[in-house]
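Read through the structure below, which is laid out as structure tokens, and then see the notes.
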Amino acid sequence: MINPYRKKINSEYSELDTNKIRWSKTLEFIGICDKTKSGLDIGDRTSFTIELENVFGCTFKNTNIDLDTGKIKGKYDVITAFEIIEHLYNPLWCLEQIRQGLSENGRLYLSTPLGKPYFLWAPGHFHEMHQERLHSLFKRAQFRIIRQNIFRIHPTYFYFTGFRPFIRGIFEKVQIYELGILK
Numbered sequence: 381m382i383n384p385y386r387k388k389i390n391s392e393y394s395e396l397d398t399n400k401i402r403w404s405k406t407l408e409f410i411g412i413c414d415k416t417k418s419g420l421d422i423g424d425r426t427s428f429t430i431e432l433e434n435v436f437g438c439t440f441k442n443t444n445i446d447l448d449t450g451k452i453k454g455k456y457d458v459i460t461a462f463e464i465i466e467h468l469y470n471p472l473w474c475l476e477q478i479r480q481g482l483s484e485n486g487r488l489y490l491s492t493p494l495g496k497p498y499f500l501w502a503p504g505h506f507h508e509m510h511q512e513r514l515h516s517l518f519k520r521a522q523f524r525i526i527r528q529n530i531f532r533i534h535p536t537y538f539y540f541t542g543f544r545p546f547i548r549g550i551f552e553k554v555q556i557y558e559l560g561i562l563k
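As structure tokens, this is what we get:
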């Protein structure tokens, strides 16, 4: 069965203002990186995957498995999971699989919405976690936080276009992390 909440990944998706802002701020967070040998981008291939390949200097593979039950094959120096875990029934399983797929000194870059009131959740989200809960999840999955940041994904004018957008201006933020394996 096709998930009715799953976004269709196409050129229109790549041109959305929110994605352009998210991707720009994500690249700003990642910064300049040493070249790596291997990368895995969790989810569908997008134009942002190409940007990641340029930043890390390697070809990225993409997943096409059920992230609630599937296993990641291979070892990677860098794994990215942007806007993924909020869609999963069991984000701990996915994080454990990612940990097993990371090379010894590998890095996981992950972003997810910062927890907000339930009435503002997107229909396909099963989890939107506040920082404390997410940090606990990372610890349980045996990851350590190297650094983190929070940012907004809409242009400023969006928050003044109605009541719900105004409320989103108060609550809606993305949290982004660079994680390493807990030793």
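Numbering (this note's numbering), first residue to last: 381 to 563. We treat Cβ as the ideally placed atom computed from N, Cα and C, and that holds for glycine. Please read these numbers as outputs of a predicted model, since none were measured by experiment.
Around the beta carbon of TYR469, fewer than 16 other beta carbons lie within 10 angstroms, which makes this residue exposed. Nearest C-alpha to LEU475 among LEU494, GLY495, GLY450 and GLU552: GLY450. When the beta-carbon positions are compared, ILE525 and HIS515 come within less than 8 angstroms of each other. Within its own chain, the residues whose Cβ lies closer than 8 angstroms to the Cβ of LEU500, once the five positions on either side in sequence are excluded, are ARG544, ILE547, ARG548, PHE551 and GLU552, listed in chain order. In the three-state scheme derived from DSSP, where H, G and I count as helix and E and B as strand, SER418 is classed as coil. Check the Cα spacing between ARG425 and each of ARG402, ILE401 and ALA461: the tightest is with ALA461. By the beta-carbon neighbour count (other beta carbons within 10 angstroms, threshold 16), PHE540 is exposed.
Annotation for ILE525: the continuous beta strand (DSSP E) segment containing it runs 523–531. Rounded to whole angstroms, LEU420 and LEU488 show a C-alpha spacing of 10 angstroms. For PHE518, same chain residues with a beta-carbon under 8 angstroms away, outside a window of 5 residues either side, are LEU475, ARG524, ILE525, TYR557 and LEU559 in chain order.
Each residue's CA atom was taken as its position, placing GLY423 and THR429 some 10 angstroms apart.
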